[in-house]
Amino acid sequence: MNLVIQSPAPLSADHHKALVALARGSHASVVDANAIRIADANVAQRADLDVYCGTHQLDYAFVEAGRRLRDFGLVAMDMDSTLITIECIDEIADFCGLKAEVAAITEASMRGEIKDFNESLTRRVALLEGLDASALQRVYEERLQLSPGAERMLAGAKAAGLKTLLVSGGFNFFTEKLKARLGLDFTRANTLEIVDGKLTGKVIGEIVNADVKARTLRETCAQLGIEPSRAIAMGDGSNDLKMMAEAGLSVAFRAKPVVREAASVAFNYVGLDGLLRLF
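When you number the sequence shown by our numbering, it's gap-free, plus one each residue, and the end is 280.
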């Protein structure tokens, strides 16, 4: 088993030596200035690696030797707090003075403390009733930023032949703009009802919850003629867990504890382009 160690900053030679010894690996090879790959690492050393890497703000991942990015056919991503840095609904709520109230529900939902995502979303969207729909464009233009490494990760995935899916419990106003901006292949998200230029406080159609995310991944894989085991799923909240469980590789990105524990790989410090260094 290979062990890939990544850092937001250059890795020192001292880290190289200490990590090879800690992982009980045979040798390390340099991936780039910020990453090394340790061959023949011992997965039983995971607890010690947790401590060392947490102390030094490093990310680590065990990866099967010989596995390549082009072995996969799809990378599926959550949007809010994964592909982008914000929770769009929280920022929309800020325009009607309710950000703190909505954000508290969002946080509880993503941590898994509110078990019913449909109820959580319905409660939050109801608070937006009467807001001018122009707030959506302002959030996109003024507040939405891509997560570190997002564009590089997408470019690398596309170069390796992977298709891209953005599947979100957020809103298609944003997913469709990101699809056009980033050249994404597939998207799925919720539709806010707008009447006479105002949000009604309702969503139209089926809510994109954890089950729908997982189903969307399966359906997209079927459309591409691949098994879900050839999909990579990236997310940060409990609403992503079922989708991540379907995939052959799951990546928790700056995620809630329940998601980090369930994922194949967790990126707590590096950007989304950390995916490219795994292979």
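Every residue gets a Cβ at the ideal spot worked out from N, C-alpha and C, and that includes glycine.
Could you give the DSSP three-state label for residue i: helix, strand or coil?
i	result
Met-235	strand
Arg-189	strand
Lys-214	helix
Asp-33	strand
Going by other Cβ atoms of all chains shown within 10 Å of its Cβ, with 16 needed for buried, is residue i buried or exposed?
i	result
Ser-148	buried
Ile-205	exposed
Lys-18	exposed
Asp-49	exposed
Arg-38	buried
Thr-56	exposed
Ala-160	exposed
Glu-228	exposed
Arg-71	exposed
Ser-27	exposed
Ser-230	exposed
Glu-142	exposed
Arg-255	buried
Glu-247	buried
Rounded to whole angstroms, what's the CA-CA distance from residue i to residue j? Just pull it up for me.
i	j	result
Thr-86	Ala-40	34 Å
Gly-275	Met-154	8 Å
Gln-200	Asp-212	Here residue 200 is Leu; the residue named in the question, Gln, does not match the sequence. Roughly 26 Å between the two C-alpha positions.
Leu-20	Lys-257	26 Å
Ser-30	Asp-79	32 Å
Leu-233	Ser-251	At residue 233 the sequence reads Ile, which differs from the Leu that was named. Going from the Cα of Ile-233 to the Cα of Ser-251 covers about 6 Å.
Cys-54	Lys-100	34 Å
Arg-216	Leu-84	20 Å
Lys-116	Ile-106	11 Å
Asp-91	Gly-157	31 Å
Ala-181	Ala-22	47 Å
Ala-77	Met-245	9 Å
With C-beta atoms as the reference, is residue i less than 8 Å away from residue j?
i	j	result
Leu-122	Ile-195	no
Gln-46	Ala-14	no
Gly-202	Phe-73	no
Gly-150	Asp-81	no
Ala-253	Gly-272	no
Ala-267	Leu-242	no
Arg-125	Val-103	yes
Ser-265	Gly-113	no
Ala-10	Asn-43	no
The stretch 208-225 in contact with the stretch 162-170 per 3-pair CB rule at 8 Å: yes
Contact the stretch 117-132 vs the stretch 87-96: 3+ CB pairs below 8 Å: yes
At least three beta-carbon pairs within less than 8 Å, the stretch 58-65 to the stretch 6-21: Touching, yes, given that three or more Cβ pairs across the two stretches are closer than 8 Å.
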